[in-house]
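Residue numbers (UniProt numbering): 1 to 226.
Every residue, glycine too, gets a C-beta built ideally from N, C-alpha and C.
Just below is one structure, and these are the notes that go with it.
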Amino acid sequence: MSVQPTQLVTETLNERQARVLTLAELKEKLDAMEGVQFKQFNSITDYHSLMFDLGIIARRLRSASDRSKFYRLIEASLYGGISSAITRSLRDYLLPENSGVRKAFQDMEAALRENRMTLEAIRVTQSDRDLFKHLISEATNYVAADYMRHANERRVHLDKALEFRRELYTSRKQLAAEQYKHVDMARELGEHNGAEGDLEADYQAASDHLNLVQTALRQQEKIERY
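This is the structure we're talking about:
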């Protein structure tokens, strides 16, 4: 959570008014915040010594003169103006230039450039991957659609083949039935032909017998006439 320093040491009464917290109220407020430690210094010298140890200020500011010059520097920076004389007199209270910091910033800038180039390469790669993924998806859809089309055509052909097979099986059954019927009719015709031959033989025998009888009767009549 980001908290402004003024929010820590003041209490807002309304939009235009605020009051400074007492030391006890400030300690109670900071103790309620997680990760915040309240530490009270016995003197301003001890406070400046800690600031020096943390690397925030360039000197320990043990004397009132040193502290006055440092406060003038802070005041001048707050009000937006500082003379060359003040700059020369307060130069010793500023943190010295650290070449290692400059090198670190240069390395950070180089790393940032590398990161930007890497991010751009990642974006290009992501774009290429998305395009390749889209092509694969479209190709998969095309293959799937083509497979379904061939599957549907194959099913139609199979249905027609099964229908033709059923018709062929029905035709074969009808042909077999007709063949059996033809055999039966041929057998019946043979039987009829055989019976007709027997009848013709009987008829011929009866006709011959009739002729003999008629001849005998005529002979008998001739004998009786003589």
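Starting from residue 12, trace the beta strand (DSSP E) in both directions and tell me its first and last residue. 10-12
Can you give me the start and stop residues for the alpha helix (DSSP H) that residue 232 sits inside? Past the boundaries of the shown model lies residue 232; the chain is included only from 1 to 226, so the question cannot be answered.
So if DSSP puts residue 18 in a beta bridge, which residue, or which two residues, is it bridged to? 12
So, helix, strand or coil for residue 173, using DSSP? helix
Tell me whether residue 192 is buried or exposed, calling it buried when 16 or more other Cβ atoms sit within 10 Å of its Cβ. exposed
Are the beta-carbon atoms of residue 29 and residue 21 separated by less than 8 Å? yes
Three-way DSSP call (helix, strand, coil) for residue 218 in this model: helix
Measuring straight from C-alpha to C-alpha, what distance separates residue 133 and residue 126? 10 Å
Does DSSP put residue 39 in a helix, a strand or coil? coil
Throw me the rounded Cβ distance for the residue 13 and residue 19 pair, which I believe falls under 8 Å. 6 Å
Looking at the secondary structure, which residues open and close the alpha helix (DSSP H) in which residue 47 lies? 44-53
Taking Cβ positions, are residue 66 and residue 72 nearer each other than 8 Å? no
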